[in-house]
Amino acid sequence: MMKRRAAVSPSAIAKLLPRKLLSITVLKWTLPLSIFLAVVSTPKSIAGGSELFTWIFIGATAHLAMFPFVYYGREKGFGEQILLVFLMGFVRGALISVLAPLFEVQDLLPPAERIANSMVAVFYWSQAGAIIVEYGVEFRKKLRELLNEVLEKNIGGLPEAAKKSSNTIVEVIGHLQEQIVETVGNAPTKDSLARASHQIDRLINEHIKPLSQSQWKDGELTWMRAGFARVLKRTLSLNPIPVVAVIVLTTPFTLVAQISSIGILQTLLVQVVWTSAALLLLWLVFRSHVQVENYYRRNTTFLALLPIPYALTFFVQLHSPFELTQSRNEMVRGYFMSFITQLAAYLVGSLLLALRSDQEFVFEFISDVIKEGELEKLLARTKSGNLDVNYAQYLHAEVQSQLLACKLLLLKAAESDFQLFPPEVTKQILDRMEKIKQPYQKPAARIPAKRLEELRASWAGLADIAFDLEQELSELHSYSDVVSQLIEEAVVNSIRHGKATSISVASRVSNSDIEISIVDNGIGTIGNTGSGLGTILFDTFSSRWNLEKINDKTTLTFAVERRAE
Amino acid sequence: LIFPFGYLVSTEREVIFNPISLSRAALIALAGELASFLYLFIAQMLFLGSRKEVLQPIWKCVFVWFSTGLVRGFFVGAYAHWAFGYEWRLLQRVPSAAAYTTVVMALAAIYFGTIERRRTEFEAMRTLDSMLAEDERELLTQEVENRRVALEVLNGELLPQVESLRDGISDALEANAGTDGEEVLEDLYERSLRISQEIEKQRNVLESGGNIRSQEQKAEPGVSYWNALVPSILSVRITAIFFVLGTISGQLPRNGLEGVTAGLLGLIPLIIVIAPFSIAIKRVKKFKGLIFLAGFVSVYLISYLYNSLQPTFGFHLKHAYEPWYSASKTIYGLYFASVVASLLVDFSEKRKFASEVGESRINVVDQLTSQNLEMEKSLFAARFGVLQGKISGVTMALHLLRSQTMGAISEDRKMTLLHSANQLLTDSLIEIDSLKIGVR
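Chains as they are written, first to last, in the numbering used here: chain Y, 2 to 566; chain B, 4 to 443.
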């Protein structure tokens, strides 16, 4: 029942749309198309090579004028991107209109129509380009991440499980992972993991891409080893054609194109008749419950009967009271082009649905294999001294440390009613948390001595952490959270960015403050991580801090005031 | 939101400068807009590239705003001349474009800067609240565990010890009936009873569960600028500011000071109409949409009426606006002002609410933290500290009193021993009293 809805429900649009619309890659790829349209469909006429070059220049300039929007909006949400895509189309159309008189050439359409036309065109090609990018680049990126995860967690059994799968794409991934494991061994070291990461890229390029026979980059995984006919058959066998979604998506473009050639009233008549006839046909073909094995038959029946709505619409338009603006031949040609376009749109729509289903299936499959329990096992192995698989443990500890640092900073900011920092710093902290994308977990040990014990265990194998703290730092005080966090920030920075392998922490307690010294054998990088979070943390919570390098030792000293408890 | 008004004014200006069609005037104005967009994009990257991280000096901002206006005005003139051979008229085009752009961008920076600040603070409070909620959950789990351990200590260690002590005192009382020590022993017995009662009380508190209520309230979900496309309030003040700005920029190059005066006088009936609607929208809970609609329709009508009657007030403007057009621009200004005001109010209220929720959550977390800490300390004291030692001391003293080897000691020595035991028990009572296992 759910599948039948894909044919009749507009909600299938969500599956046909890409996750994001703006990307510099799409802008680059669509430059030739944009220039081609500017040359072929924009001028009233082109007289000679000079005018041709002028139109090429206008097309290129108008297209490149959209760059600021892509640059600004590529990380924005989908809603904002839709708005930006229309604005891009606006600017492109406006620039064509503005530049044409400047270079003494004539645009076919008045500015308002040119802008509307360009807005719709840019929206469609951005969408198509984004889909290709998503199925190509994004899919490869996701696949690489998943395979990396599989390797880092040293998960066996995937190739066997994958090979049993009836899904071709999973099968290929299974084989791929098997090859990687063969290459790097069953217990990969840190170095071999890094090598494997490059090999994944190489293997995708060398083993998967050549298997495909179409132009769809990595998305074609679904029909590798298959010819066009087989792909087409498979596509039409997997899902009902998303007819309503395609009609909804193509209507704006059809309206703009038809209104400029046959006027508003005839466009409305043609659209109403054709859409009603197409929907009636859809209802007749898919009216009863459709079994999976019947999709192919129903889909081909629908496509075979599709000329009927066109014939009906043609007949109605021909006998309508409106004056015809085109000759009969032109009309027939127009209807034929529309039929071919619609047919192609249905096939592409079905293909996208099939691809998306396949990709979702693959990611679900691999995610199921990487069960949550695996992480726990990994952590247990790390604690037992298996130093080759510490990666996740380190990352986990660092991410949680950063989240805790952000929490302390936000608490401090809230305490001062956000007067402590300018809004830019608060935003920076929020952005950092957004980038981390990990849930905040239970607080780490609040007492400095205990926190150092945890740090020593977490980073065992990568750095030796020694400490000699005053008794007071083994108890809980009002300053404990802050001191613990500053120590952690310094230690993690020393290891991650300063490449230190030996760290010692000492303290001095006076009546007014607690002074902590962290000495390491690294290169010294506090506040030099680019993020600025470390600097903000030390500037906010310590009464003074200082980083100095003497001989081959880096010493970070900071003091935290003791408040009355 | 800013673009349409500036573009309209620029187009109107072009129609006055040259006897051209609206379409061509719009195209000329569009050239200026496009050039200024591109310039603004480049200028903000060059001069204000770090504006998202660091507060920028005001002179840099003013420079970018003003120069954007210059570019806007210059390219309108340049395009009119290059594309269609009209006069440059830079003296008329550039100053008005520069002034309008600078003021509008400054206003946008002030209003949207404030809105963005409120939004950031609200997001910060919301994020903090979710982290504190996690802390709270963890602390509550820890509290439950502490209670369980505390009950175990009370039931398994302290209570049996005190019961054994009471039995010992009862035995000693029987053995020392009629002696000098009887009075001290009775006192001892009383104290041991009080210790039992105190421990029972602690146990009852522990069994009755926690006394800190978990924070039920949650900060509201995040909001976006899209929410304000349908405004929730009408602002008299912001509408007045936009109206004045629109009037000056529209009328000054068109009809000079007389036009500005005529336009500004129109503010009086406008405010008289907006004010009651603005108040009504703030006060009523139902039919807000209808009041909004009525407000917009009334503003349109009053603006239309005022423009139609301008000649009767003595204003005979050379390039007077069509009433319907002028009223439409007023509606646009009112809508824009309402959007800005709604964003300001919405984010301020949400931030305030999130702050209240956050403050309350911080208190709960602080209370839970200190309570858990007290419980842990008390548990340590109860299990390994002086309390058990003292009770054991008294028990041992009583044991000594009853033992054969101590039979030979003098009555004075016995009394000293009993007084010492009494003191130990008094200390134990104080210890139990200060125990915060079942924190009240």
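No residue lacks a Cβ here, since even glycine has one placed at the ideal position from N, Cα and C. As the structure is a prediction and not an experimental result, all values here were calculated from the model.
{"Item": "If you follow the alpha helix (DSSP H) that I274 (chain B) is in, where does it begin and where does it stop?", "Value": "L270 to R286"}
{"Item": "Quick check: Y10 (chain B) and A34 (chain B), are their CB atoms within less than 7 Å of each other?", "Value": "no"}
{"Item": "Our contact map puts V247 (chain Y) next to Y347 (chain Y) with C-beta atoms below 8 Å; I'd like the distance itself, whole angstroms only.", "Value": "6 Å"}
{"Item": "How long is the line joining the alpha carbons of I23 (chain B) and V249 (chain Y), rounded to whole angstroms?", "Value": "40 Å"}
{"Item": "Between I56 (chain B) and chain Y, is any beta-carbon pair separated by less than 7 Å?", "Value": "At residue 56 (chain B) the sequence reads Glu, which differs from the Ile that was named. Yes - at least one Cβ of chain Y is within 7 Å of the one on E56 (chain B)."}
{"Item": "Does P449 (chain Y) come within less than 7 Å of chain B when only Cβ atoms are used?", "Value": "no"}
{"Item": "Looking only at its chain, what residues have a beta carbon closer than 8 Å to the beta carbon of T302 (chain Y), apart from the 5 residues adjacent to it on each side?", "Value": "V286"}
{"Item": "Measuring only between beta-carbons, confirm whether P424 (chain Y) sits less than 7 Å from chain B.", "Value": "yes"}
{"Item": "From this set, Y:Y311, Y:L306 and Y:D108, which residue's C-alpha is nearest S98 (chain Y)'s C-alpha?", "Value": "Y:D108"}
{"Item": "For A95 (chain Y), go through chain B and note every residue whose CB falls closer than 7 Å to its CB, in chain order.", "Value": "L33 and L37"}
{"Item": "So that I know if they touch, is there some Cβ in chain B lying closer than 7 Å to that of V492 (chain Y)?", "Value": "no"}
{"Item": "Does DSSP put S13 (chain B) in a helix, a strand or coil?", "Value": "helix"}
{"Item": "Just to confirm the assignment, what range does the beta strand (DSSP E) spanning T558 (chain Y) have?", "Value": "K554 to E562"}
{"Item": "Using the C-alpha atoms, what's the distance from T558 (chain Y) back to S543 (chain Y)?", "Value": "10 Å"}
{"Item": "Who are the neighbours of T123 (chain B) on chain Y, taking C-beta pairs under 9 Å?", "Value": "F419, P424, E425, T427, K428 and L431"}
{"Item": "Any contact between the segment 319 to 328 of chain B and the segment 85 to 96 of chain B? By contact I mean 3 or more CB pairs, one from each, below 8 Å.", "Value": "no"}
{"Item": "Might you give, ordered along the chain, the residues of its own chain that have their beta carbon closer than 6 Å to the beta carbon of S119 (chain Y), omitting 5 neighbours on each side?", "Value": "G90, R93 and G94"}
{"Item": "Quick one: is I236 (chain B) buried, meaning 16 or more other Cβ sit within 10 Å of its Cβ, or exposed?", "Value": "buried"}
{"Item": "If the cut is a Cβ gap below 8 Å, which residues of chain Y does W229 (chain B) touch?", "Value": "G80"}
{"Item": "Hey, is E148 (chain B)'s beta-carbon within less than 7 Å of any beta-carbon in chain Y?", "Value": "no"}
{"Item": "Who are the Cβ neighbours of I305 (chain B) in its own chain at under 6 Å, not counting the five residues just before and after it?", "Value": "P272 and V276"}
{"Item": "Closer than 7 Å by C-beta to D482 (chain Y): which residues in its own chain qualify, once you throw out the five before and the five after it? Chain order, please.", "Value": "L409 and R447"}
{"Item": "Quick one: using the 10 Å Cβ neighbour count with 16 as the cut-off for buried, is Q216 (chain Y) buried or exposed?", "Value": "Summary for Q216 (chain Y): the model assigns pLDDT 33, below 50, so the residue's position carries little reliability; its value from the coordinates is reported in the next sentence. Counting Cβ neighbours within 10 Å, Q216 (chain Y) comes out exposed, since fewer than 16 surround it."}
{"Item": "Output the distance between the C-alpha atoms of C550 (chain Y) and G52 (chain B), rounded to the nearest integer angstrom.", "Value": "The identity of residue 550 (chain Y) in the sequence shown is Lys, whereas the question assumes Cys. Cα to Cα, the separation comes out at about 32 Å."}
{"Item": "Looking only at its chain, what residues have a beta carbon closer than 6 Å to the beta carbon of A283 (chain B), apart from the 5 residues adjacent to it on each side?", "Value": "I294"}
{"Item": "Less than 7 Å between CB atoms is the rule here; does A127 (chain B) satisfy it with respect to chain Y?", "Value": "yes"}
{"Item": "Three or more C-beta pairs under 8 Å: does that hold for the segment 116 to 132 of chain Y against the segment 104 to 117 of chain B?", "Value": "no"}
{"Item": "Residue range of the alpha helix (DSSP H) that S311 (chain B) falls in?", "Value": "K291 to L312"}
{"Item": "Would L548 (chain Y) be called buried (16 or more neighbouring beta carbons within 10 Å of its own) or exposed?", "Value": "buried"}
{"Item": "Taking 7 Å as the threshold (C-beta atoms), are E455 (chain Y) and F510 (chain Y) in contact?", "Value": "Note that residue 510 (chain Y) is Val in the sequence shown, not Phe. Contact flag unset, no."}
{"Item": "Name the chain B residues that come within less than 8 Å of V92 (chain Y), Cβ to Cβ?", "Value": "L37 and F40"}
{"Item": "Beta-carbon of L411 (chain Y) versus every beta-carbon of chain B: anything under 7 Å?", "Value": "yes"}
{"Item": "Quick check on the DSSP output: the alpha helix (DSSP H) that includes D540 (chain Y) runs from which residue to which?", "Value": "L534 to F542"}
{"Item": "Please state if the CB of Y441 (chain Y) and the CB of M134 (chain B) are separated by a distance shorter than 7 Å.", "Value": "yes"}
{"Item": "Which of the three DSSP states is assigned to S373 (chain B) in this structure?", "Value": "helix"}
{"Item": "What's the gap between the Cα of A381 (chain Y) and the Cα of A458 (chain Y)?", "Value": "With a pLDDT of only 48 at A381 (chain Y), under the threshold of 50, the placement of this residue in the model should not be trusted; the figure read from the coordinates follows. In a straight line, the C-alpha of A381 (chain Y) is about 12 Å away from that of A458 (chain Y)."}
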